[in-house]
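2 protein chains.
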Amino acid sequence: MSQLAGPIARQSLHDAVTARLRDMIVEGEYPPGSRLPERVLCETFGISRTPLREALKVLASEGLLELAPNRGARVAGLTADDVDELFPVMGALEALAGELACARITDTELAEIRALHYQMVLHHKRGERPPYFDLNQQIHEKILEAARNPTLTASYTNLSGRIRRARYTANIDAARWAQAVAEHEEMLEALDTRDGGRLAEILKRHLRNKCETVKAALAAGAEEAAKDKMVITDDKIFIPTP
Amino acid sequence: MSQLAGPIARQSLHDAVTARLRDMIVEGEYPPGSRLPERVLCETFGISRTPLREALKVLASEGLLELAPNRGARVAGLTADDVDELFPVMGALEALAGELACARITDTELAEIRALHYQMVLHHKRGERPPYFDLNQQIHEKILEAARNPTLTASYTNLSGRIRRARYTANIDAARWAQAVAEHEEMLEALDTRDGGRLAEILKRHLRNKCETVKAALAAGAEEAAKDKMVITDDKIFIPTP
DNA sequence: GAATTAAAAATTGTATGCAATATGCAATCA
DNA sequence: TGATTGCATATTGCATACAATTTTTAATTC
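Listed in order, the protein sequences are those of chains F and P.
If you count the first sequence from 1, position 238 lands on 238 in this note's numbering, and the numbers rise without skipping.
Add 242 to a position in the second sequence, counting from 1, and you land on the number used in this note's numbering.
What follows is the structure in structure tokens.
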């Protein structure tokens, strides 16, 4: 049966604007703490206030926005305390993903991860950060996919969206980058042998190390100094080329 | 400074109706699959459609409701597959809570949990199920509190809210009840010695056993046979006295 | 010039209205 | 009798209106 014969997919305005706004926040379009006035957003998106307000409520319940009665929406900040809360939870979730992935991964999926890994390592060797982080993220996403637990994926995605909003000026140093690559090497090995317990431990450690990197950057006041959009990923902090 | 001098707490209609409706769903007021027409809910709560619609959107993003364009809100169902997804995630989160609690718990908190535990055991010896489950839940909540990670608590609470909506006819058998009590004994011991790793393992096992109980009840078609509100808790399935 | 007050403007929360869509029921056809 | 069609009714999505609250600006006082 062709695609033409299936049901016609529909998306409400509310769903569309929720997704759009979420992406914009996660991508750093609005810095932490910034006000999001309804009227401005309605003009930006060309819609009425009703679906926009519904979207704001949903994003607030996801932790991306802060709402207080009569005070409008504000992009939630990210403090070192927030980071200290988020990373252990994400670590636990990613460790579970690792265990489940080892139990459920197909040979094809494993080969895909391996291919991504070696491309990523090549970029590290060449010192190419943007493609490195891209591949790095893909690997983590593939592991979550291989876990085949949508509830887990949703929970993890929601939390990681909050982290990706942070902004920093500093790249991690070469030592930490090399360490991250080594951790990825261990991860691949554990996946290869389908050793779920081991992969879980590696992922937890990996996340702990990332937590320290993020906090160090926060402590350096990097968030306030940053003027450009920056994206955090696992093993490095990417500064887009202007 | 007295309470009178602090800021005046305000709650929007939206927040109030969201919380009310969430509680009603979690408590089983609306069976899985049931339609929640806007007009009916507006009459029930005595409010206009706007804050109600906003609440529906939030509860949908929490997984308690299902929304599709032009089809209104439906209470989300809970299948064996859902249960298979939820419990490992909850297990991972509760294991993390156990680790963090062992690192952070005060002597006072530990004494509180111990007191709750022994009361609970007494109810088990007397075969008193309602108070047993109440205390049981309090113990789990105390452990989460002792973990001092609001993000973790929020994530766990959201997931556990979905499970509490299930309904069943069967009580667990005496063997499983005794097993659950034994697991709680182990939990208290691990807490006492502040052995986070051990507590994490016990909690994971505890959740796995609970998962099997829930699935068995689901498989028995208990959900459809149930006519009265029933609440699942850890170690038994409580049928309220009519 | 700083502090205070009042007024104007902007923003937010909620209610209501209108159009589009879905559902239910009755009539018609094969 | 079952299937199809048409119409009426109900429900949902979104826009708009109104009132309440907050913020900003201007005027006044010390």
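Virtual Cβ for every residue (Gly too), placed ideally from N, Cα, C.
With 16 other Cβ atoms within 10 Å as the buried cut-off, status of P:Ser-290: As a working mapping, residue 290 of chain P is identified with position 48 in the second sequence. Label assigned to P:Ser-290: exposed.
Per-residue contacts from P:Pro-274 into chain F (C-beta, under 7 Å): As a first step, residue 274 of chain P is located in the second sequence; it is residue number 32 there, counting from the start. None at all; the shortest Cβ gap to chain F is about 16 Å.
Simplified DSSP state of P:Ala-315, which is helix, strand or coil: Position 73 of the second sequence, counted from the first residue, corresponds to residue 315 of chain P. Note: P:Ala-315 maps to strand in three-state DSSP.
Boundaries (first-last residue) of the beta strand (DSSP E) holding F:Glu-43: Translated into the one-based positions of the first sequence, residue 43 of chain F becomes position 43. No beta strand (DSSP E) contains F:Glu-43, which is instead part of the alpha helix (DSSP H) from 38 to 45.
Cβ of F:Ala-19 within 8 Å of any chain P Cβ: Position 19 of the first sequence, counting from 1, holds the residue named residue 19 of chain F. Closer than 8 Å: no.
Of the listed residues P:Pro-311, P:Val-268, P:Met-429, nearest to F:Pro-7 (C-alpha basis): By 1-based counting over the first sequence, the position of residue 7 of chain F is 7. Closest by alpha carbon: P:Pro-311.
Selection from P:Ala-462, P:Asp-434, P:Ala-258, P:Arg-264 that minimises the alpha carbon distance to P:Arg-356: As a position in the second sequence, residue 356 of chain P is number 114, starting the count at 1. For the residues P:Ala-462, P:Asp-434, P:Ala-258, P:Arg-264, the minimum Cα distance to P:Arg-356 belongs to P:Asp-434.
Contact with chain F by P:Ala-420, beta-carbon distance below 8 Å: As a first step, residue 420 of chain P is located in the second sequence; it is residue number 178 there, counting from the start. No, no contact with chain F.
Alpha-carbon spacing of F:Gly-197 relative to P:Leu-449, whole angstroms: For this step, residue 197 of chain F is matched to residue 197 along the first sequence. For this step, residue 449 of chain P is matched to residue 207 along the second sequence. Computed Cα separation, rounded: 18 Å.
Backbone secondary structure at P:Leu-309 - three-state DSSP: Position 67 of the second sequence holds residue 309 of chain P. Three-state result, P:Leu-309: strand.
Proximity of P:Ala-345 and P:Lys-446 at Cβ, strictly below 8 Å: By 1-based counting over the second sequence, the position of residue 345 of chain P is 103. By 1-based counting over the second sequence, the position of residue 446 of chain P is 204. Their beta carbons are not under 8 Å apart, which means P:Ala-345 does not touch P:Lys-446 by this criterion.
Euclidean distance between Cα positions of F:Ala-101 and P:Leu-283: Here residue 101 of chain F corresponds to residue number 101 of the first sequence, with the count starting at 1. Here residue 283 of chain P corresponds to residue number 41 of the second sequence, with the count starting at 1. Rounded to whole angstroms, F:Ala-101 to P:Leu-283 spans 42 Å at the Cα level.
Buried or exposed by the 16-neighbour rule on C-beta atoms within 10 Å, applied to F:Gly-46: Walking along the first sequence from the start, residue 46 of chain F turns up at place 46. With fewer than 16 Cβ atoms within 10 Å of its Cβ, F:Gly-46 is classed as exposed.
Separation of F:Ser-34 from P:Cys-453, as counted between CA atoms: Here residue 453 of chain P is taken as the residue at index 211 of the second sequence, counted from 1. Here residue 34 of chain F is taken as the residue at index 34 of the first sequence, counted from 1. So the alpha carbons of these two residues sit roughly 43 Å apart.
Contact list for F:Pro-88 against chain P, beta-carbon separation under 8 Å: Stepping through the first sequence from its first residue, residue 88 of chain F is reached at position 88. What F:Pro-88 touches in chain P: Leu-338, Leu-342, Asn-391, Leu-394.
CA nearest to the CA of P:Glu-351, picked from P:Ile-385, P:Arg-281, P:Val-259, P:Glu-425: Sequence index remark: in the second sequence, residue 351 of chain P carries index 109 (1-based). With distances taken between Cα atoms, P:Glu-351 lies closest to P:Ile-385.
Alpha helix (DSSP H) runs wholly inside the stretch 96 to 168 of chain F, at least 4 long, in chain order: 107 to 126, 129 to 147, 150 to 163
F:Glu-54, buried or exposed, once every other Cβ within 10 Å from all chains shown has been counted against 16: Here residue 54 of chain F refers to the residue found at position 54 when the first sequence is read from its first residue. With 16 or more Cβ atoms within 10 Å of its Cβ, F:Glu-54 is classed as buried.
Residues near F:Thr-18 by beta carbon distance below 8 Å, same chain, minus five either side: Numbered from its first residue, the first sequence carries residue 18 of chain F at position 18. Hits under 8 Å: Glu-54, Ala-55, Val-58, Leu-59.
Close Cβ partners of F:Leu-152 (< 8 Å) along its chain, the five nearest in sequence each way excluded: Taking the first residue of the first sequence as 1, we reach residue 152 of chain F at position 152. Closer than 8 Å at Cβ, skipping near neighbours: Leu-93, Leu-96, Ala-97, Leu-100, Leu-144.
Nearest neighbour of P:Asp-265, chosen from P:Ala-353, P:Ala-251, P:Leu-307 [CA to CA]: As a working note, residue 265 of chain P is residue 23 in the second sequence. Of P:Ala-353, P:Ala-251, P:Leu-307, the residue nearest in Cα terms is P:Leu-307.
Closer than 8 Å to chain P by CB, F:Thr-169: Here residue 169 of chain F is taken as the residue at index 169 of the first sequence, counted from 1. Because the pLDDT of F:Thr-169 is 37, which lies under 50, any placement of that residue in the model is unreliable, and the question is left without a value.
Beta-carbon proximity of F:Val-121 to F:Val-83, cut-off 8 Å: Taking the first sequence and counting its residues from 1, the one referred to as residue 121 of chain F is at position 121. Taking the first sequence and counting its residues from 1, the one referred to as residue 83 of chain F is at position 83. Contact: no.
P:Arg-436 in three-state terms, based on DSSP: Taking the first residue of the second sequence as 1, we reach residue 436 of chain P at position 194. It is coil, neither helix nor strand.
Cβ-Cβ distance between P:Arg-404 and P:Gly-319 below 8 Å: Position 162 of the second sequence, counted from the start, is the residue given in the question as residue 404 of chain P. Position 77 of the second sequence, counted from the start, is the residue given in the question as residue 319 of chain P. For P:Arg-404 and P:Gly-319, no; Cβs fall outside 8 Å.
Alpha carbon of F:Ala-9 to alpha carbon of F:Asp-15, nearest angstrom: What you label residue 9 of chain F is simply residue 9 of the first sequence in a count that begins at 1. What you label residue 15 of chain F is simply residue 15 of the first sequence in a count that begins at 1. Rounded to whole angstroms, F:Ala-9 to F:Asp-15 spans 13 Å at the Cα level.
Residue interval of the alpha helix (DSSP H) (run including F:Ser-61): Looking up residue 61 of chain F in the first sequence gives position 61. Taken as a continuous stretch (DSSP letters only), the alpha helix (DSSP H) holding F:Ser-61 covers 49 to 61.
Proximity of P:Gly-314 and P:Pro-274 at Cβ, strictly below 8 Å: Along the second sequence, read from residue 1 onward, the residue named residue 314 of chain P stands at position 72. Along the second sequence, read from residue 1 onward, the residue named residue 274 of chain P stands at position 32. Contact: no.
is_contact[P:Lys-299, chain F] using C-beta, thresh 8 Å: Taking the first residue of the second sequence as position 1, residue 299 of chain P is located at position 57. P:Lys-299 counts as touching chain F.
CB contact check: P:Arg-252 to chain F, cutoff 8 Å: The sequence position of residue 252 of chain P within the second sequence is 10, counting from 1. Interface residue, yes.
Contact set between F:Ser-61 and chain P, taken where Cβ atoms lie within less than 8 Å: Locating residue 61 of chain F in the first sequence gives position 61, where the first residue counts as 1. Within chain P, the residues near F:Ser-61 are Val-300, Ser-303, Glu-304.
Pick from F:Asp-173, F:Leu-159, F:Leu-13 that is closest to F:Leu-52, judged by C-alpha positions: By 1-based counting over the first sequence, the position of residue 52 of chain F is 52. It is F:Leu-13.
Contacts around P:Val-317, its chain only, beta-carbon distance under 8 Å, and the 5 residues preceding and following it disregarded: Position 75 of the second sequence, counted from the first residue, corresponds to residue 317 of chain P. Excluding residues within five positions, the ones whose Cβ falls inside 8 Å are Ile-267, Tyr-272, Pro-273, Pro-274, Gly-275, Ser-276, Leu-278, Leu-306, Leu-307, Glu-308, Arg-407.
Buried versus exposed, by CB contacts within 10 Å (16 or more), P:Pro-554: Residue 554 of chain P falls outside the range modelled here, since chain P spans only 243 to 484, and no answer is possible.
Chain F contacts from the stretch 281 to 297 of chain P (Cβ-Cβ distance under 9 Å): Thr-292, Arg-295, Glu-296, Ala-297
Straight-line gap, F:Asn-136 to F:Leu-199 (C-alpha atoms, nearest Å): Within the first sequence, residue 136 of chain F is the residue found at index 136, counting from 1. Within the first sequence, residue 199 of chain F is the residue found at index 199, counting from 1. About 16 Å.
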